[in-house]
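Peer 1: Numbering (our numbering), first residue to last: 30 to 329. Don't be surprised by glycine CBs; every beta carbon is placed ideally from N, CA and C.
(1) Kindly indicate which three-state DSSP category residue 213 falls into: helix, strand or coil?
(2) Output the boundary residues of the alpha helix (DSSP H) element that contains residue 238.
(3) Give the secondary structure of residue 311 by DSSP, where H, G and I count as helix, E and B as strand, and everything else as coil.
(4) Using 8 Å as the threshold, is the region 121-134 in touch with the region 92-99, meaning 3 or more CB pairs across them?
(5) Between the Cα of residue 244 and those of 139, 290 and 295, spot the shortest distance and give me the residue it belongs to.
(6) Identify whether residue 128 lies in helix, strand or coil by the three-state DSSP scheme.
(7) What residue range does the alpha helix (DSSP H) around residue 253 cover?
(8) If I measure Cβ to Cβ from residue 86 and keep anything under 7 Å in the same chain, skipping five residues before and after, which residues do I get?
(9) Check residue 198 in the structure and name its three-state DSSP category.
(10) Would residue 287 be called buried (16 or more neighbouring beta carbons within 10 Å of its own) or exposed?
(11) Assign residue 25 to buried or exposed, taking buried as 16 or more other Cβ atoms, counted over all protein chains shown, within 10 Å of its Cβ.
(12) Mark residue 308 as exposed unless 16 or more other C-beta atoms lie within 10 angstroms of its C-beta, in which case mark it buried.
(13) Please report the straight-line C-alpha distance between residue 261 and residue 164, rounded to a whole angstrom.
(14) Beta-carbon within less than 8 Å of residue 299's beta-carbon, same chain only, minus the 5 sequence neighbours each way: which residues are those?
(15) Would the region 184-204 and the region 233-240 be scored as touching if the rule is three or more Cβ pairs under 8 Å?
(16) What's the C-alpha gap between residue 169 and residue 108?
(17) Assuming contact is defined by CB atoms lying nearer than 8 Å, are residue 187 and residue 52 in contact in what I supplied?
(18) Let me check one thing: in DSSP terms, what residues is residue 56 bridge-paired to?
(19) Look at residue 176 and residue 207 and say whether their C-beta atoms are less than 8 Å apart.
(20) Look up residue 293 in the DSSP assignment and say whether it is helix, strand or coil.
(21) Would the beta-carbon of residue 138 fall within 8 Å of that of residue 89?
(22) Per DSSP, what kind of secondary structure is residue 286 in: helix, strand or coil?
(23) I need the straight-line Cα distance from residue 227 to residue 189, nearest angstrom please.
(24) Please report the Cβ distance between residue 82 and residue 123, rounded to the nearest whole angstrom; I am assuming they are in contact, meaning their Cβ atoms lie under 8 Å.
(25) How close, in whole Å, do the beta carbons of residue 113 and residue 58 come, if the pair is a contact with beta carbons under 8 Å?
(26) Starting from residue 94, follow the beta strand (DSSP E) in both directions and report where the run begins and ends.
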């Protein structure tokens, strides 16, 4: 079968190239800055394509140097153009991700405790983005250049034996430098952006609360109590600001997580029901079918 070129590439396929470096389960860095995009065979696409949705177990920094990237995270679509950066936190569910054939990008992955930027972004409260577990930053040209140079230093630290006695400490310092560059730009963006309204704050807090608790709690009263709001007022604000009822947000999070576990092939339907704290498999099956239209076994 002949090879063929495709205009849109699954980002996760890029992990197959020689420019990816992994250090145990602590760090993963990858880029295609020096490697031209090439033709992919059908066999390669089948071997490296990972079906979505996918739940991230670590934090990611995605830096776009050239081209365009598109991805969907927790029911929201994002488009990145050259000179943009995204911080995507652990626990996020990626529904899809692809790039133009000429895209040049850098990807860093690391454990949650390795980066101080996570609580910093929560304090900045950059509109609703962080409630959806994605922080989007538009970089200045000099900041982009600094990030590229810092990333190259990180690669050197992870590969050069001269750093082996203190590789983890050195890598963390380098990641903190990368984080500080991004955070500095985020602060400036927050300063010039419109102030967040009370309604925006409620929606942001609600979505973050759902992201943290949907596996154990699906009752609306729980979330109203957490936000110190009446159920009626919370429902009104969330619906008026997002066009969706709070119960639909909760259900979508539950179903997307269920799809992720089912698609992974590592969980039985019973195990998914247990992970999502349903009383039994039958109740979960009915809940899933009402939302998706087919039973968990058929969807799997």
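Peer 2: Quick answer:
(1) helix
(2) 227-242
(3) helix
(4) yes
(5) 290
(6) strand
(7) 249-255
(8) 119
(9) helix
(10) buried
(11) With the chain covering 30 to 329 only, the question about residue 25 has no answer from this structure.
(12) exposed
(13) 30 Å
(14) 310
(15) no
(16) 18 Å
(17) yes
(18) 52 and 139
(19) yes
(20) helix
(21) yes
(22) helix
(23) 50 Å
(24) 6 Å
(25) Wrong, their Cβ atoms sit about 19 Å apart, outside the cutoff.
(26) 88-95
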